[in-house]
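Novice:
Numbering (my numbering), first residue to last: 98 to 630.
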């Protein structure tokens, strides 16, 4: 006998892996688990809704189940998930959450709070339906299943007796008649059990259909009474989820948290970091600027890499499509010769230019000195730190050692942060961004410290950022410039002149190769500096 088809949890098609993965995430994310427990205490069908929201955001190709395949207690859930998927923000949000556990969980936290508020309006009706599902419907399902198993067992016994009677008759056994009679009685009992099982199955299906109709009616009632209000709430929540997820991703990238490094952070660490970055206005402002500077810095580095491509020395056979000779490229547009081109490509027999790479000298560290004097304005601090972090990311692209030196007056301590190539960086970058001294101004102290990092024989770059003036002694200049003769390094000074009409370049010109006067704190101004380092 066919077994009763009890509808499974969920309104988005998902498998055991999806459910196991989300359960694992909840075990790592206390905020998600707390939200689930809070929701279940109010609405018993809330837990599968969180799973559905996660699946709709995370899965490669999420699909909603048809209404007839959705449990009565989750018909309202289906309508809510459908509304989320219908928002204009959903495709853009999926760009961040697709196959990304952390981004998906962050979005679920935002959406989950809003849908819980919506469900609370019909929680009594939903909980009544859920209770009927768990008790009455499950009881009928158990009865139908037991009746079906009993009918199958009875039919099996009847079939065995019928087979024995046929065998006895074929053998001419005197017991054939008795066995035939017993088989008939057994079949009669099996038919009765089958009828009973069919009735139990029908009773279960009718009860399930009635309950589903009740769930659909509740969903329609909610739509009729508050459909537009619900859509507005979900649109607002979707936008908030998109903004938070986008901000978290871009902010983490701005602080040097690459996908590989993210994998090394626990889920709680990721959530805590995202919250810290969201709540700290200064960090948010720096991160926004760093994001733009980062793209510009990397673009400048790629231009430099491209300009260092080798010179042509010969023609050889190979399959490097970037170095094809012009005659080979021409064959691609010819329908017959194209086939020959593809054959020779597979055999590495295309004519390509052979090049010799231009020699590149080893590179030493990049050192950025950041002004922490009390005269630095808030906007200048954000810009100079974003510039410094952008320079770090350019140096990291070049596989160079990087040192941040934040300085104040003669009696103020230097704040040193050193990041070696390949080292996880986000904690150190946050340390740089958060620190501010508000002291005096002394140029010699940070430059002397920077010089100590350079005396190792490799070409280095110092970027010296300040908003003011400070005298430097003749002894210092002689010592500093003598060091430049012994070990090649460049000094680029960045003078922040906004609001400082009396600021002069004279002091920094005495120890700099080039001075950039920055009045407008823009990306374009930063671009000139990125091009140098």
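No residue lacks a Cβ here, since even glycine has one placed at the ideal position from N, Cα and C.
Check the C-beta distance from residue 202 over to residue 193 and give it rounded, since I have them as a contact under 8 angstroms.
Specialist: Taking the first residue of the chain shown as 1, we reach residue 202 at position 105. Taking the first residue of the chain shown as 1, we reach residue 193 at position 96. That belief does not hold up - the Cβ atoms of residue 202 and residue 193 are roughly 12 angstroms apart, past 8 angstroms.
Novice: DSSP three-state label for residue 495, please.
Specialist: Counting from 1 along the chain shown, the entry for residue 495 is found at position 398. Coil.
Novice: Please state whether DSSP places residue 311 in a helix, a strand or coil.
Specialist: The residue given as residue 311 occupies position 214 in the chain shown. DSSP places residue 311 in helix when its eight states are reduced to three.
Novice: Could you tell me the distance, in whole angstroms, from the CA atom of residue 558 to the CA atom of residue 476?
Specialist: As a first step, residue 558 must be located in the chain shown, where it is residue number 461. As a first step, residue 476 must be located in the chain shown, where it is residue number 379. Answer to the nearest angstrom: the Cα atoms are 25 angstroms apart.
Novice: Using the Cα positions of residue 123 and residue 148, report the straight-line distance between them to the nearest angstrom.
Specialist: Numbered from 1 along the chain shown, position 26 holds the residue referred to as residue 123. Numbered from 1 along the chain shown, position 51 holds the residue referred to as residue 148. Computed Cα separation, rounded: 10 angstroms.
Novice: Verify whether the separation of the beta carbon atoms of residue 502 and residue 488 is less than 7 angstroms.
Specialist: One-based indexing of the chain shown puts residue 502 at position 405. One-based indexing of the chain shown puts residue 488 at position 391. No.
Novice: Taking the alpha-carbon positions, what's the residue 171 to residue 137 distance?
Specialist: In the chain shown, residue 171 corresponds to position 74, counting from 1. In the chain shown, residue 137 corresponds to position 40, counting from 1. If I take the Cα positions, the gap works out to 13 angstroms.
Novice: If you compare alpha carbons, which of 570, 437, 447, 423 is closest to residue 417?
Specialist: On the chain shown, position 320 is the one that residue 417 refers to. When only C-alpha atoms are compared, the closest one is 447.
Novice: Could you tell me the boundaries of the beta strand (DSSP E) in which residue 462 lies?
Specialist: Against the chain shown, residue 462 aligns to sequence position 365. Taken as a continuous stretch (DSSP letters only), the beta strand (DSSP E) holding residue 462 covers 460-468.
Novice: Would you say residue 530 and residue 496 are within 7 angstroms of each other, going by their C-beta atoms?
Specialist: Taking the first residue of the chain shown as 1, we reach residue 530 at position 433. Taking the first residue of the chain shown as 1, we reach residue 496 at position 399. Taking 7 angstroms as the Cβ cut-off, residue 530 and residue 496 do not qualify as a contacting pair.
Novice: Where in the segment 532-587 do unbroken runs of the alpha helix (DSSP H), each at least 4 residues long, occur, reported from the N-terminal end onward?
Specialist: Qualifying alpha helix (DSSP H) stretches, in chain order: 541-551, 571-583.
Novice: Check for me: the beta strand (DSSP E) holding residue 679 runs from which residue to which?
Specialist: As displayed, the chain neither begins before 98 nor continues past 630, which places residue 679 out of reach and without an answer.
Novice: In angstroms with no decimal places, state the Cα-to-Cα distance between residue 383 and residue 486.
Specialist: Within the chain shown, numbered from 1, the residue matching residue 383 stands at position 286. Within the chain shown, numbered from 1, the residue matching residue 486 stands at position 389. Cα to Cα, the separation comes out at about 9 angstroms.
Novice: Drop a sphere of 10 angstroms on the beta-carbon of residue 469, count the other beta-carbons inside from all chains shown, and report buried for 16 or more, exposed for fewer.
Specialist: Taking the first residue of the chain shown as position 1, residue 469 is located at position 372. It is buried - the Cβ of residue 469 has at least 16 other Cβ atoms within 10 Å.
Novice: Among the residues of its own chain, which have a CB less than 6 angstroms from the CB of residue 177, if the five just before and after it don't count?
Specialist: Within the chain shown, numbered from 1, the residue matching residue 177 stands at position 80. Hits under 6 angstroms: 212.
Novice: Return the chain-ordered list of same chain residues with a C-beta closer than 7 angstroms to the C-beta of residue 207, the five sequence neighbours on each side being excluded.
Specialist: Sequence index remark: in the chain shown, residue 207 carries index 110 (1-based). Hits under 7 angstroms: 334, 337, 338, 341.
Novice: How big is the Cα-Cα spacing for residue 216 and residue 143?
Specialist: Taking the first residue of the chain shown as position 1, residue 216 is located at position 119. Taking the first residue of the chain shown as position 1, residue 143 is located at position 46. Going from the Cα of residue 216 to the Cα of residue 143 covers about 8 angstroms.
Novice: Thinking C-beta only, is residue 312 closer than 7 angstroms to residue 226?
Specialist: Here residue 226 refers to the residue found at position 129 of the chain shown. Here residue 312 refers to the residue found at position 215 of the chain shown. Yes. Within cutoff.
Novice: Please name the residue in 126, 119, 251, 161 whose C-alpha comes closest to that of residue 369.
Specialist: Here the question's residue 369 lines up with position 272 in the chain shown. Of the candidates 126, 119, 251, 161, the one whose C-alpha sits nearest the C-alpha of residue 369 is 126.
Novice: From residue 547 to residue 209, what does the alpha carbon distance come to, in whole angstroms?
Specialist: Along the chain shown, read from residue 1 onward, the residue named residue 547 stands at position 450. Along the chain shown, read from residue 1 onward, the residue named residue 209 stands at position 112. When rounded, the distance between both Cα atoms is 51 angstroms.
Novice: Going along the chain, which unbroken runs of the alpha helix (DSSP H) with 4 or more residues stay wholly within the segment 189-250?
Specialist: Runs found: 198-217, 220-229.
Novice: Please classify residue 588 as buried or exposed, where buried requires at least 16 neighbouring CB atoms within 10 angstroms.
Specialist: Looking up residue 588 in the chain shown gives position 491. So residue 588 ends up on the buried side.
Novice: For the alpha helix (DSSP H) containing residue 442, name the first residue and the last one.
Specialist: Translated into the one-based positions of the chain shown, residue 442 becomes position 345. It spans 434-443 - the alpha helix (DSSP H) in which residue 442 sits, taken as one unbroken run.
Novice: Would you kindly check if the distance between the Cβ of residue 464 and the Cβ of residue 680 is under 7 angstroms?
Specialist: For residue 680 there is no data in the structure shown, the boundaries of the chain being 98 and 630.
Novice: What does DSSP give as the partner residue(s) for residue 422 in the beta ladder?
Specialist: Start at 1 with the first residue of the chain shown, and residue 422 comes out as number 325. None; residue 422 has no bridge partner.
Novice: Give me the residue from 451, 436, 388 with the minimum Cα distance to residue 479.
Specialist: Within the chain shown, the letter at position 382 stands for residue 479. The residue with the shortest Cα to Cα distance from residue 479 is 388.
Novice: Are there three or more Cβ pairs, one per stretch, closer than 8 angstroms when the segment 270-289 is compared with the segment 182-197?
Specialist: Because the criterion of three Cβ pairs below 8 angstroms is not met, the segment 270-289 and the segment 182-197 do not touch.
Novice: Within its chain, find whatever has a CB closer than 6 angstroms to the CB of residue 484; leave out the 5 residues flanking it on each side and keep chain order.
Specialist: Position 387 of the chain shown, counting from 1, holds the residue named residue 484. Answer for residue 484: 623, listed in chain order.
Novice: Rounded to whole angstroms, what is the Cα-Cα separation between residue 378 and residue 371?
Specialist: On the chain shown, residue 378 is found 281 positions in, with the first residue counted as 1. On the chain shown, residue 371 is found 274 positions in, with the first residue counted as 1. Going from the Cα of residue 378 to the Cα of residue 371 covers about 13 angstroms.
Novice: With 16 as the cutoff for other CB atoms within 10 Å, does residue 413 come out buried or exposed?
Specialist: Here residue 413 refers to the residue found at position 316 when the chain shown is read from its first residue. Result: exposed.
Novice: Using C-beta distances below 7 angstroms, list every residue in its chain close to residue 320, excluding the 5 sequence neighbours before and after it, in chain order.
Specialist: Taking the first residue of the chain shown as 1, we reach residue 320 at position 223. Excluding residues within five positions, the ones whose Cβ falls inside 7 angstroms are 176.
Novice: Using a 10 Å radius around the Cβ and a threshold of 16 neighbouring Cβ atoms, would you call residue 462 buried or exposed?
Specialist: In the chain shown, residue 462 corresponds to position 365, counting from 1. Classification for residue 462: buried.
Novice: Apart from the five residues just before and just after residue 541, which ones in its own chain have a Cβ nearer than 6 angstroms to its Cβ?
Specialist: Reading the chain shown from its first residue, position 444 is the one you call residue 541. Excluding sequence neighbours, residue 541 sits near 569, 573.
Novice: Can you round the beta-carbon distance between residue 556 and residue 490 to whole angstroms, since I take them to be within the 8 angstroms contact cut?
Specialist: Looking up residue 556 in the chain shown gives position 459. Looking up residue 490 in the chain shown gives position 393. Not confirmed; about 19 angstroms, so no contact.
Novice: Is residue 451 helix, strand or coil when you go by DSSP?
Specialist: As a working mapping, residue 451 is identified with position 354 in the chain shown. Residue 451 falls in the strand class under three-state DSSP.
Novice: Out of 564, 115, 594, 256, point me to the one whose CA is closest to residue 145's CA.
Specialist: One-based indexing of the chain shown puts residue 145 at position 48. Checking every option, the nearest Cα to that of residue 145 belongs to 115.
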